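> Sending over a structure as structure tokens; questions will come in a sec.
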Amino acid sequence: MTVPHEIQAEIANLQSEHALLLDEDRLEEWLDLFTEDCLYRIAPRENIDQGLPASLLVAEGQEMLRDRVVYLRKVATFNVHRNRHMLGPMRVVPDGVDAWLVIQNFTVHQSEPDRGTRLFAVGYYEDRVVRLPKGMRFEKKLAVIDGDMVMTLLAEPL
Amino acid sequence: MTVPHEIQAEIANLQSEHALLLDEDRLEEWLDLFTEDCLYRIAPRENIDQGLPASLLVAEGQEMLRDRVVYLRKVATFNVHRNRHMLGPMRVVPDGVDAWLVIQNFTVHQSEPDRGTRLFAVGYYEDRVVRLPKGMRFEKKLAVIDGDMVMTLLAEPL
Amino acid sequence: MTVPHEIQAEIANLQSEHALLLDEDRLEEWLDLFTEDCLYRIAPRENIDQGLPASLLVAEGQEMLRDRVVYLRKVATFNVHRNRHMLGPMRVVPDGVDAWLVIQNFTVHQSEPDRGTRLFAVGYYEDRVVRLPKGMRFEKKLAVIDGDMVMTLLAEPL
Chain X
111 MTVPHEIQAE IANLQSEHAL LLDEDRLEEW LDLFTEDCLY RIAPRENIDQ
161 GLPASLLVAE GQEMLRDRVV YLRKVATFNV HRNRHMLGPM RVVPDGVDAW
211 LVIQNFTVHQ SEPDRGTRLF AVGYYEDRVV RLPKGMRFEK KLAVIDGDMV
261 MTLLAEPL
Chain V
111 MTVPHEIQAE IANLQSEHAL LLDEDRLEEW LDLFTEDCLY RIAPRENIDQ
161 GLPASLLVAE GQEMLRDRVV YLRKVATFNV HRNRHMLGPM RVVPDGVDAW
211 LVIQNFTVHQ SEPDRGTRLF AVGYYEDRVV RLPKGMRFEK KLAVIDGDMV
261 MTLLAEPL
Chain D
111 MTVPHEIQAE IANLQSEHAL LLDEDRLEEW LDLFTEDCLY RIAPRENIDQ
161 GLPASLLVAE GQEMLRDRVV YLRKVATFNV HRNRHMLGPM RVVPDGVDAW
211 LVIQNFTVHQ SEPDRGTRLF AVGYYEDRVV RLPKGMRFEK KLAVIDGDMV
261 MTLLAEPL
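Protein chains in written order, with the working numbering: chain X, 111 to 268; chain V, 111 to 268; chain D, 111 to 268.
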């Protein structure tokens, strides 16, 4: 634990903003939390543990992530659910100059009109965060999902 | 994110104390976390998103909130469940001198003897926190509930 | 709230590391978070509230806790589930020189291949944390479980 508390607090803020912008459906602003050459990936834990490359969602670079958001806006007519992220224990370790590896647990609950609220995903993030002149950004975000939940909306970021 | 980490930590402590005092059923001490002229409100997300005024619970001022606590103590004989709050990602933005707007996700699980534990409410707080000489206090607390959960105990604070 | 934010951040890190090491099944490293003469205990809330001594798991001292880990490694063949801890609101109060009492809510979700993810335990920790030359350590950790969940693996730490 040689990471200063100020740095940890900044990274915690980045993670919070990531989660809240998704819950608020502000996807265009959410994109700004990533570096130009970012890697974004969602994969089930079985694949990660066994070193399998298959993913539920992959975007290499902010532009590909932006395409995904444009796509999501087009299909949003059919998408009336709302997500609610919770963030759990976090571990930050240095990984070079102004860069850190970050592990953090998460849950996502999903609500739909007339269908109530249900647990949608449980897992952890494995991220690389870098400090740019404009602030902390995700260079890599990997969302690893426990168990074998049915993903009803594979295109959606977590 | 121009709010100093010290301020964020103080507000996080206020939110934690709010949640734990409710879980510990220390409602009289919980009242002290609010200003005299506070607004306390619980509403479903549908109403908030559509600008509808209907609420599940409203109290204008600490005295009205105190009346609610007195009422809850009277009916407590029938109330054997226990709540457990979890707090999620938080966003703090300045809103005047010594005042901040605070967004924070939450979940509440409810347990009853011989009936196990179930998810009771999922949503977010939208609060205004002010710094008084005696410390941080809630001037406004709005608890917005996702989905359309059946509220078995409307009178109860979240 | 007279505990400096730096101390609170260190204790929050200890709690996070405790949760993540359990989720990562790194039980041998998890042991290092406790003092030699630690008390580790899991009990249902009913027992705690009524002052009953019965527990789901008790270990007096790090050595007894180590024996438990050795035992868990032996039976691990039958144990394919994975845990995911979330940490909630935390309260820290001073309890002597370089010692603090810590209350923190938690949830644990459990995932099994082909059986999905389910809520496993909800409750709170009631801990005593001390500062040793090598860092913060648990002198006492009591995990209190709400409701009356069936514990499928009583031997397992929370």
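For each residue, glycine too, the CB sits at the ideal point set by N, CA and C.
Just so you know, these numbers come straight off a predicted model, no measurement behind them.
Using a Cβ-Cβ cut-off of less than 7 Å, give me the residues of the stretch 191-211 of chain V that come near chain X, in sequence order.
196, 198, 199, 200, 201
> To the nearest whole angstrom, what separates the beta carbons of residue 145/V and residue 172/V, a pair I think is in contact under 8 Å?
7 Å
> Give a yes or no on whether the minimum CB-CB distance between residue 119/X and chain V is below 8 Å.
yes
> How long is the line joining the alpha carbons of residue 123/X and residue 217/D, rounded to whole angstroms?
22 Å
> Please tell me whether residue 193/V and residue 214/V are closer than 8 Å, where the distance is taken between their beta carbons.
Inclusion of residue 193/V and residue 214/V in the CB contact set at 8 Å is not warranted, their separation being larger than that value.
> Determine whether the Cβ of residue 256/D lies closer than 8 Å to any Cβ atom of chain V.
Taking CB atoms only, residue 256/D has a neighbour in chain V less than 8 Å away.
> Let's test the definition: count the other Cβ atoms within 10 Å of the Cβ of residue 160/D and tell me whether it reaches 16, buried, or not, exposed.
exposed
> Between the Cα of residue 265/X and the Cα atoms of 120/X, 158/X, 155/X, 174/X, which residue gives the shortest distance?
Sorting 120/X, 158/X, 155/X, 174/X by C-alpha distance to the C-alpha of residue 265/X places 174/X at the top.
> What would DSSP say about residue 126/V, mapped onto helix, strand or coil?
helix
> Using a beta-carbon distance cut-off of less than 9 Å, what residues from the stretch 218-231 of chain X approach chain D?
229, 231
> Assign residue 180/D to buried or exposed, taking buried as 16 or more other Cβ atoms, counted over all protein chains shown, within 10 Å of its Cβ.
exposed
> For the stretch 120-142 of chain V, list every residue whose C-beta sits within 9 Å of some C-beta in chain X, in sequence order.
none
> Per DSSP, what are the beta-bridge partners of residue 227/V in this structure?
221/V
> Using a Cβ cut-off of 7 Å, pull out every chain V residue sitting near residue 213/D, in sequence order please.
130
> Just list the residues that DSSP pairs residue 246/D with in beta bridges.
241/D
> What are the boundary residues of the beta strand (DSSP E) that residue 197/V is part of?
Looking at the DSSP string, the run of the beta strand (DSSP E) that includes residue 197/V is 192-204.
> So that I know if they touch, is there some Cβ in chain D lying closer than 8 Å to that of residue 116/V?
yes
> Are there 16 or more other CB atoms within 10 angstroms of the CB of residue 232/V, so buried, or fewer, so exposed?
buried
> Need the endpoints of the beta strand (DSSP E) that residue 151/D sits in, please.
144-154
> When you compare the CB positions of residue 183/D and residue 167/D, do they come within less than 8 Å of one another, or not?
no
> With a 10 Å radius around its C-beta and 16 neighbouring C-beta atoms as the bar for buried, classify residue 186/D as buried or exposed.
exposed
> Relative to the C-alpha of residue 237/X, which candidate in 143/X, 136/X, 134/X has its C-alpha closest?
143/X
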